[in-house]
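Undergrad:
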Amino acid sequence: MVIRLKDAVIDSIKETETQRLKLLNVSSKSDGATLSLELPDALCDMLSPNDSISILIDSKPITKGDQAKLYVEGNVFKKIVNDNLDIIGSVGGLRLVLSVAKATPSQSNTFSSDKFFLAIM
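Numbering follows the working numbering, in which position 55 of the sequence shown is assigned residue number 64; successive positions increment by one, without gaps.
Next up, the structure:
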């Protein structure tokens, strides 16, 4: 099942301790979700703080992925399901942390396999 974060906003794009890497922080108040993602400088050039974006996350390839600003395949390292859904994973060896408040079982099942696909539109 697809996780859709509509009306998400890029809160910040910060430098990391590692050269040429940035930390992208995104939140969606309507969906109660936050996303932190390390990305190379080159992939952050088309994104700016306070940009309104949509995020799609699925366990299968996303059909409109080629139209996205960023389309990546990632791996799940840790999945914690309690009141929230917390995911720790990687995209190309770089850290991804996703937290979704009051996640549905179908949203949780998106991360049942060890791979996921993420598109930022």
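Don't be surprised by glycine CBs; every beta carbon is placed ideally from N, CA and C.
Are the CB atoms of L3 and L46 nearer to each other than 8 Å?
TA: Lying outside 10 to 130, the shown extent of the chain, residue 3 is not represented and no answer is given.
Undergrad: If the criterion is Cβ atoms closer than 8 Å, does the pair D13 and L65 meet it?
TA: One point to set straight first is that residue 13 is Arg, not Asp, in the sequence displayed. Yes. Within cutoff.
Undergrad: Enumerate, from N- to C-terminal direction, the unbroken beta strand (DSSP E) stretches of 3 or more residues contained entirely within the segment 57–111.
TA: Here the runs fully enclosed are 61–67, 79–90, 93–100 and 103–110.
Undergrad: If you draw a straight line from the alpha carbon of K87 to that of I97, how long is it in whole angstroms?
TA: So the alpha carbons of these two residues sit roughly 5 Å apart.
Undergrad: Could you check the C-alpha separation between D50 and K23 for me, to the nearest Å?
TA: Whole-angstrom Cα-Cα distance: 10 Å.
Undergrad: My understanding is that V109 touches D40, with C-beta atoms under 8 Å, so please give their C-beta distance in whole angstroms.
TA: Confirmed, Cβ separation roughly 7 Å.
Undergrad: With respect to the beta strand (DSSP E) encompassing S37, which residues constitute its N-terminal and C-terminal limits?
TA: Unbroken beta strand (DSSP E) run through S37: L30 to S37.
Undergrad: Should S138 go down as buried or exposed, given a rule of 16 or more other Cβ atoms within 10 Å for buried?
TA: Residue 138 cannot be examined here, being either before or after the span of the chain that is shown, 10 to 130.
Undergrad: K69: which of E82, L107 and A42 sits nearest, CA to CA?
TA: Of E82, L107 and A42, the residue nearest in Cα terms is E82.
Undergrad: Counting only the same chain and skipping the five closest in sequence on each side, list residues whose C-beta sits under 7 Å from that of N84.
TA: These residues qualify, in order along the chain: G98, S99, D123 and K124.
Undergrad: With S157 as the anchor, note down where its beta strand (DSSP E) starts and where it stops.
TA: Only positions 10 to 130 of the chain appear in the structure, and residue 157 is not among them; the question remains open.
Undergrad: Looking at the strands, I want to know which residues DSSP matches up with L46.
TA: Answer is L33 and L105, bridged to L46.
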